[in-house]
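Here's the structure we're looking at; comments come further down.
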Amino acid sequence: MAAMAAMTPAAPASQMHAARGNTVAAPQPQRSSALSARGGVVRRWGAARMRRGVVAAAAAGSQQAPEESSGSEGSKSSGQGIGGGLLRPLRDFGFGSKSIAEGGVGLFLVTGVGFFCAVFGWVSKQRMASLSTSYEATMRFPMACGIEVGTPVRIRDVRAGQVRSVRPTLAAVEVVVDMVDETCIIPKNAKVEVNQHGLIAETMIDITPQLPLPEPKHSPLDVEACRREGALICNGDSVDGETGVSLDDLVAIMTRLSRETEKHGLDKLFKAADTAEMMMRDAHPLLDRVEKISAEIAPLLKSANDEDMLKSLQALVDNAAALADDVHELNRVVLTDENKGLIRDSIATLTETLRHVEGISGDVGKITGDDGTQYNLKQLVEALSRMLNE
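Using full-length UniProt numbering, the letters of the sequence shown map in sequence onto residues 1 to 390.
Pasting the structure below:
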């Protein structure tokens, strides 16, 4: 067909050349036939080359098409293997891909809401369970020392609760604490302190039970029975606390010390240190003397521990005890009630006599002017009067 197509336009061209003139009509057909033969060869070569390219392209396309078809079939089969088994019944009932996607989103939302509700219910249940067994107490401190909501409460360094609220007043700072369980009891005689621990000065409330340790029979939640027993801090009761280890106090002391140092000056401190050093040097001879005296006393103490010395001391003690017994016996025999009455009467008579003598000596003193005699007699009378009163 290509050869025929190539040969068909050659005839009209020769006819046109023949029509132009008779002078060139004779040689023109030979030239045109040569050209048309050459053009036919070129056209045939080009057509053959084009056919070979088309055949090669068709062969390559046929090889690529099975691969693509196999890939698409594999993807379809894999898609059917993953979700086809689940989605096929829905497609059988008339659900399309869009409906299935929207239903999946809705199912995901419903599942999420249900999970959130379950978690919230579990947390609420745990919270209610903890509230049913916990109790509260109010602690009063002179200073807050960094107490805030959430500050831990410890019993013997074990966490047993936390601070729920802090309310400052003019008299003290009232701190309401929640104890985690009714078994974490606070005795009435417990020592409650607010301390700051660690390098960052973390504030904690420490409860230290004191002796004697109570043996309660009622829970702090049983308020009436607990208060009648009087051994524990019951639910809603209050207790007074005190300030323990505080970083604020340390800072205040250091600030005061630095101010005093600046006020008096470092020179005076150095002089005081030098004076103390001199006193210590002067005390060395005294220490040497004390050492010598102790060395001399040591043999005496050693001899005092001998058996003979102990016997002598025992005999001396026995003699003193016998003398005391004799004195008691003398008092019992001599100082009877009758003898005491006679002695008292004799002292009274002597006192009256001395008063008369005092009067006479007064008269004589007025005459002679001897005040010493009058004073001596007066002292004697007063002494006898005291003996009589005793």
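Just so you know, even glycine gets a beta-carbon here, dropped at the ideal spot from N, CA and C.
Worksheet item: In the DSSP assignment, what residue or residues form a beta bridge with leucine 232?
Response: Working through the sequence shown from its first residue, we reach residue 232 at position 232. Beta-bridge pairing links leucine 232 to Pro187.
Discussion item. Could you tell me the alpha carbon to alpha carbon distance between alanine 348 and aspartate 326, rounded to whole angstroms?
Written reply: On the sequence shown, position 348 is the one that residue 348 refers to. On the sequence shown, position 326 is the one that residue 326 refers to. In this structure, the CA atom of alanine 348 is about 29 angstroms from the CA atom of aspartate 326.
Item to complete: Take every Cβ of the region 156 to 176, pair it with every Cβ of the region 215 to 231, and state whether three or more of those distances are shorter than 8 angstroms.
Response: Too few Cβ pairs lie closer than 8 angstroms, so no.
Worksheet item: Taking DSSP as the reference, what is the three-state secondary structure of alanine 383?
Response: Looking up residue 383 in the sequence shown gives position 383. Correct three-state label for alanine 383: helix.
Practice prompt. Drop a sphere of 10 angstroms on the beta-carbon of threonine 203, count the other beta-carbons inside from all chains shown, and report buried for 16 or more, exposed for fewer.
Written response: Here residue 203 is taken as the residue at index 203 of the sequence shown, counted from 1. With 16 or more other Cβ atoms within 10 Å, it is buried.
Practice prompt. At 3 residues or longer, and completely inside the region 193 to 251: list those beta strand (DSSP E) runs for me, N to C.
Written response: If you keep only unbroken beta strand (DSSP E) runs of at least 3 residues inside the region 193 to 251, you get 202 to 208 and 238 to 240.
Item to complete: Look at the Cβ atom of alanine 137, then the Cβ atom of serine 294, and state whether they are nearer than 8 angstroms.
Response: Mapped onto the sequence shown, residue 137 falls at position 137. Mapped onto the sequence shown, residue 294 falls at position 294. No, the pair does not count as a contact, with Cβ atoms beyond the cut-off.
Worksheet item: Measuring CB to CB, does phenylalanine 141 end up less than 8 angstroms from alanine 190?
Response: Residue 141 sits at position 141 when you count from the first residue of the sequence shown. Residue 190 sits at position 190 when you count from the first residue of the sequence shown. The Cβ-Cβ distance between phenylalanine 141 and alanine 190 does not fall below 8 angstroms.
Worksheet item: By DSSP, does alanine 172 sit in helix, in strand, or in coil?
Response: Residue 172 sits at position 172 when you count from the first residue of the sequence shown. Residue state, collapsed to three classes: coil.
Worksheet item: Would the region 114 to 121 and the region 144 to 159 be scored as touching if the rule is three or more Cβ pairs under 8 angstroms?
Response: Below 8 angstroms, too few C-beta pairs join the region 114 to 121 and the region 144 to 159 to call them touching: fewer than three.
Practice prompt. Determine the DSSP secondary structure at isoleucine 297, reduced to helix, strand or coil.
Written response: Your numbering for residue 297 matches position 297 in the sequence shown. Helix at isoleucine 297.
Item to complete: State whether the region 192 to 200 contacts the region 236 to 250, with contact taken as three or more CB pairs (one from each stretch) at a distance under 8 angstroms.
Response: Segments in contact, yes.
Discussion item. Can you find the residues in the same chain that come closer than 6 angstroms, C-beta to C-beta, to leucine 205, ignoring five residues on each side of it along the sequence?
Written reply: Residue mapping note: residue 205 aligns to position 205 of the sequence shown, counting from 1. Per the sequence shown, residue 205 should be read as isoleucine rather than leucine. Excluding positions up to five away in sequence, the list reads Val153 and Val194.
Discussion item. For residue 392, report the span of its beta strand (DSSP E) as first-last.
Written reply: Nothing can be reported for residue 392: it is not among the residues displayed for the chain, which extend from 1 to 390.
Worksheet item: Quick one, are the C-beta atoms of methionine 139 and glycine 241 less than 8 angstroms apart?
Response: Translated into positions along the sequence shown, residue 139 becomes position 139. Translated into positions along the sequence shown, residue 241 becomes position 241. In contact: methionine 139 and glycine 241 (Cβ atoms closer than 8 angstroms).
Worksheet item: Below 8 angstroms between beta carbons: does that hold for valine 149 and arginine 164?
Response: Numbered from 1 along the sequence shown, position 149 holds the residue referred to as residue 149. Numbered from 1 along the sequence shown, position 164 holds the residue referred to as residue 164. One thing to note: valine 149 has its Cβ within 8 angstroms of the Cβ of arginine 164.
Practice prompt. Drop a sphere of 10 angstroms on the beta-carbon of proline 285, count the other beta-carbons inside from all chains shown, and report buried for 16 or more, exposed for fewer.
Written response: The sequence position of residue 285 within the sequence shown is 285, counting from 1. Burial state of proline 285 is exposed, judged by a 10 Å Cβ sphere holding fewer than 16 other Cβ atoms.
Fill in: Distance CB(proline 187)-CB(proline 214) smaller than 8 angstroms
Stepping through the sequence shown from its first residue, residue 187 is reached at position 187. Stepping through the sequence shown from its first residue, residue 214 is reached at position 214. Contact flag set, yes.
Discussion item. Bridge partners for proline 152 per DSSP, in chain order?
Written reply: Numbered from its first residue, the sequence shown carries residue 152 at position 152. Proline 152 is bridged to Gln162.
Worksheet item: Taking the alpha carbon of aspartate 249 as the point to measure from, which residue in Ala383, Cys145 and Ser97 has its own alpha carbon closest?
Response: Residue 249 sits at position 249 when you count from the first residue of the sequence shown. Ranking the options by Cα distance to aspartate 249, first place goes to Cys145.
Discussion item. Taking 8 angstroms as the threshold (C-beta atoms), are glycine 161 and valine 192 in contact?
Written reply: Translated into the one-based positions of the sequence shown, residue 192 becomes position 192. Translated into the one-based positions of the sequence shown, residue 161 becomes position 161. Result no, Cβ atoms of valine 192 and glycine 161 do not sit closer than 8 angstroms.
Worksheet item: Does the beta-carbon distance from proline 216 to isoleucine 185 come in below 8 angstroms?
Response: The residue you call residue 216 lines up with position 216 of the sequence shown. The residue you call residue 185 lines up with position 185 of the sequence shown. Taking 8 angstroms as the Cβ cut-off, proline 216 and isoleucine 185 qualify as a contacting pair.
Worksheet item: Of the choices Lys311, Glu329 and Glu182, whose alpha-carbon is the least far from that of cysteine 234?
Response: Residue mapping note: residue 234 aligns to position 234 of the sequence shown, counting from 1. Of the listed residues, the one whose Cα sits closest to cysteine 234 is Glu182.
Worksheet item: For the candidate residues Val251, Leu211, Leu232 and Leu170, whose alpha-carbon lies nearest to that of alanine 201?
Response: Numbered from its first residue, the sequence shown carries residue 201 at position 201. Checking every option, the nearest Cα to that of alanine 201 belongs to Val251.
Item to complete: Identify, in the order they occur along the chain, each residue of the same chain with its Cβ nearer than 8 angstroms to the Cβ of threonine 111, setting aside the five sequence neighbours on each side.
Response: Within the sequence shown, the letter at position 111 stands for residue 111. Closer than 8 angstroms at Cβ, skipping near neighbours: no residue.
Worksheet item: For glutamine 210, which of Asp222, Ala231, His218 and Phe115 has the nearest alpha-carbon?
Response: Mapped onto the sequence shown, residue 210 falls at position 210. Comparing C-alpha distances from glutamine 210 to each of Asp222, Ala231, His218 and Phe115 shows the shortest one belongs to Ala231.
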